[in-house]
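These protein sequence lines are chains A and B, in that order.
Sequential numbering of the first sequence, starting at 1212, is according to the working numbering.
Sequential numbering of the second sequence, starting at 5, is according to the working numbering.
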Amino acid sequence: MKPELQFYIGKGGVGKSTTSAVTAVHLARNSRDILLVSMDPAHNQSDIFQQDFGEKPQQISNHLVVKEVNVDYWIEKYLKETEKTIKQTYSYESAFNLQNYFNVLQFSPGLEEYALLLAFENIIHTFENKDIIIFDMAPTALTLRFFSLPFISLIWLEELLKLRDQIYAKKEIISKIKFGRREIEQDKVKAKLEILINNYEHLRDHSISDATKINLVMNTDRLSFSEAFRIKKKLKDIGIKIESVIINKAQSKAVPDKVKDEFNHQKITLFPRSSKSLLGYRAINEYIDENNEIFVY
Amino acid sequence: MIPIVKTIKHKVVSAFHLADEVMRSKAVETIEYEAGELDNIFAILVLGVFIGIPSPPIHITMALLPDLENELEIMLQKVSTAHDPLGDLFSVLDID
């Protein structure tokens, strides 16, 4: 069975890393095999667990492993692979000065979210044996770009495929008239477009699948509310629904009316403010022991 | 068959094939031009990032680039006639 995917999203500083770490430890304590992945380029999980993480997953307990996605590693890997493929085709590349483009490609807009998408794809293929994969996401802007990327890519790819189909149809007519019944050569670009569409449909389906849960983390201040409402709207525009809302550092046990009204279809969970800093595996476990009612579903 | 008749027959058949080839090429000239234009538009759309027009996300451009050798060549050829698009069109339509 494929793992359930849980995303923790929200404004910077609301406690996405803390709530995702607490949930991961809680689920692992209940014998679920958990992978906690930090997708935020400014990683916090190392600070929370007081231990260094990287691309290689680290075992925290019997059922919990943690890794941090190194965006620079994925950008560099992608650029190296692309450069190699292009050099193979354009062996005379010096004529086009392609090398110069590669030096600036690393600064291209959109590369950061694409690197995250590559890392995400790799994770869901590598860790198919996990029960749940928890993604601690970057703040709003990058996260929204990450979720939109498969959708935007598909819009472009489908339009390019339509144009390619038109070209192919014309070339087929030319080939039939010029050479009789001879078969036209397979269009490599069309084939590549179809492969890409298939890949991005697969990635898009992950974000709208029932096995994917989006948890929106917020605090009780107005700025945090406003941003949470905007995130909900933006995700709704691309067809992604929020599964639950987590109010972190809650000071009372009552859910604010504004949140109740706006998120009336979502499960709302309150994570009480901790009296001490939640740093280290032991502190997280103590917090779970003190606030076990959070996880009563 | 007498060798001379054989030779004549062979020449007539070759002439027919040549005429057939010429007529077929002539018949698809316009549609070939159209296909070339579409190839050019496709290349401009995909490679827009290099010439400053709205373009797909960079990873789509980079994924397609290795297979766009032919389109790149067409695009470079079109650059040389870009200053006189009507002249280019008239020559395809055989208008002097």
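Every residue gets a Cβ at the ideal spot worked out from N, C-alpha and C, and that includes glycine.
Keep in mind the model is a prediction, meaning the values are calculated, not measured.
Contact between A/G1265 and A/E1279 holds: their C-beta atoms lie close to 6 Å from each other, under 8 Å. The CB of A/T1296 comes closer than 7 Å to the CB of P70 in chain B, given here in chain order. Annotation for A/K1213: E1339, A1422 place their beta carbon closer than 7 Å to its own, counting only its chain and skipping 5 residues before and after. The C-beta of A/Q1299 has fewer than 16 other C-beta atoms within 10 Å across all chains shown, which makes the residue exposed. Cβ proximity to chain A below 9 Å picks out I35, E36, E38, A39, L42, D43, I45, F46, L49, V50 from the region 34 to 50 of chain B. Among the residues of chain B, those whose CB is under 8 Å from the CB of A/L1368 are P60, I64, following chain order.
With respect to A/F1482, A/V1315 sits apart: the two C-beta atoms are not nearer than 9 Å. Rounded to whole angstroms, the Cβ separation of A/K1443 and A/T1351 is 11 Å, and the two are not in contact under 8 Å. Against chain B, the CB of A/Y1284 has no partner CB under 9 Å away; the residue lies outside that interface. Using a Cβ distance threshold of 9 Å, A/L1427 and A/Q1477 count as a contacting pair. Proximity of the region 1233 to 1252 of chain A to the region 1328 to 1347 of chain A meets the contact definition, three or more beta-carbon pairs being nearer than 8 Å. Contact between the region 23 to 30 of chain B and the region 1317 to 1324 of chain A is absent, with fewer than three C-beta pairs closer than 8 Å. Going by DSSP, A/V1470 is part of the alpha helix (DSSP H) stretching over 1468 to 1473. Within the region 1451 to 1481 of chain A, no residue has its Cβ closer than 9 Å to any Cβ of chain B. Annotated as distal: A/I1271 and A/L1490, with beta-carbon spacing of 9 Å or more.
By the neighbour-count criterion, in which 16 or more other beta carbons inside 10 Å mark a residue as buried, A/R1441 falls on the exposed side. When Cβ-Cβ separations below 9 Å define contact, A/S1418 makes no contact with chain B. Taking all protein chains in view, the Cβ of A/E1370 is surrounded by fewer than 16 other Cβ atoms within 10 Å, so the residue is classified as exposed. Counting only the Cα atoms, A/F1390 lies some 36 Å from A/I1366. If the five residues before and after A/L1372 are omitted, its C-beta is found closer than 6 Å to the C-beta atoms of L1404, all from its own chain and listed in chain order. Every unbroken stretch of the beta strand (DSSP E) spanning 3 or more residues and falling wholly within the region 1313 to 1348 of chain A is given here in chain order: 1343 to 1347.
The C-beta distance from B/T65 to B/L51 rounds to 6 Å, short enough to fall under 8 Å. Residue contact with chain B for A/S1364: present (Cβ-Cβ distance below 9 Å to some residue of chain B). Contact annotation, A/L1238 with A/I1343: C-beta distance approximately 6 Å; criterion of less than 8 Å satisfied. Using a Cβ-Cβ cut-off of 8 Å, B/E73 is close to T1300, Y1301 of chain A, given in chain order. B/I35 carries a helical assignment under DSSP once its states are collapsed to helix, strand and coil.
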